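In this note's numbering, the protein residues as written are 40 to 270.
We put the CB at the ideal spot given by N, CA and C, even for glycine.
Small disclaimer: the values here were computed from a predicted structure and weren't measured.
Inspection log for the structure reproduced underneath, given as structure tokens.
Structure below.
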């Protein structure tokens, strides 16, 4: 690293959320294109790599022209395989067998969190993510939560289609109709429960009013004994 100042290495955060590591806080990127930057020394970076996976999982990175040298010093040999945010966006929006397989091959949940965050961001922006791609991401996420390192997902060419077939549209329509039916049924049940509760409350209130009326009524006088008369 003779051409780089080992005491002043720019560490970049392209994520649109804050990243915390050791005593450092990396502010969120404003747009996902312009990174926030924290300057660190090589020894600090080595310490972070020893105690966390924040760099090998791609949350933090470096300028392209110095990546190779920095990763060499950090002894991270497979750094070229670390997916950037741009790589992930491209795979999600333009799925290929090779690209989707790279996502499925991720064995670290912290790493995979980046995939899901980016997918949700794209969907929020109104960018189309196919149902199949969404399903693959969620299925792999569930596997990782169960600590399944090697995925059971087997890709097919259908997974790379960027449009829905008539059958898929029909299936989604049926699912939406079934869901709406369930929601309507739940709404009716809630209305019935509320109605029964209101009726019960009304009866209880009526009974309480009757009891109050009886309690508040003046006590009845007991009839006195008839006076004896003498002749």
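How big is the Cα-Cα spacing for residue i and residue j?
i           : j           : result
residue 89  : residue 132 : 34 Å
residue 156 : residue 99  : 15 Å
residue 73  : residue 158 : 19 Å
residue 168 : residue 139 : 13 Å
residue 40  : residue 151 : Legend: pLDDT at residue 40 = 45, less than 50; position of this residue unreliable, value from coordinates given subsequently. Those two C-alpha atoms are separated by around 31 Å.
residue 149 : residue 141 : 15 Å
residue 153 : residue 124 : 8 Å
residue 128 : residue 172 : 12 Å
residue 91  : residue 121 : 16 Å
residue 112 : residue 46  : 13 Å
residue 75  : residue 196 : 38 Å
residue 182 : residue 71  : 28 Å
residue 180 : residue 48  : 33 Å
Name the one or two DSSP bridge partners that residue i has.
i          : result
residue 63 : 60
residue 68 : Paired residues: none, contrary to the question.
State the DSSP-derived secondary structure class of residue i, mapped to helix, strand or coil.
i           : result
residue 48  : strand
residue 195 : coil
residue 100 : strand
residue 126 : helix
residue 283 : A query on residue 283 cannot be resolved here, the shown segment of the chain reaching from 40 to 270 and no further.
residue 93  : coil
residue 145 : coil
residue 268 : Low local confidence applies: a pLDDT of 49 at residue 268 is under 50, so the model's placement there is unreliable, and no value is given.
residue 82  : helix
residue 115 : coil
residue 120 : helix
residue 187 : coil
residue 43  : coil
For the alpha helix (DSSP H) containing residue i, list its first residue and its last residue.
i           : result
residue 170 : 170 to 184
residue 109 : 106 to 112
residue 154 : 148 to 163
How would you call residue i, buried or exposed, if buried means at least 16 neighbouring beta carbons within 10 angstroms?
i           : result
residue 3   : No statement about residue 3 is possible, as the shown extent of the chain runs from 40 to 270 and does not include it.
residue 57  : exposed
residue 193 : exposed
residue 189 : exposed
residue 119 : exposed
residue 42  : exposed
residue 110 : buried
residue 165 : exposed
residue 185 : exposed
residue 79  : buried
residue 68  : buried
residue 44  : exposed
Taking the continuous beta strand (DSSP E) assigned at residue i, which residues delimit it?
i          : result
residue 76 : 75 to 79
For residue i, would you say it is in contact with chain D, using Cβ-to-Cβ distances shorter than 9 Å as the test?
i          : result
residue 63 : Given the protein chain composition of this structure (a single chain), no chain D is represented.
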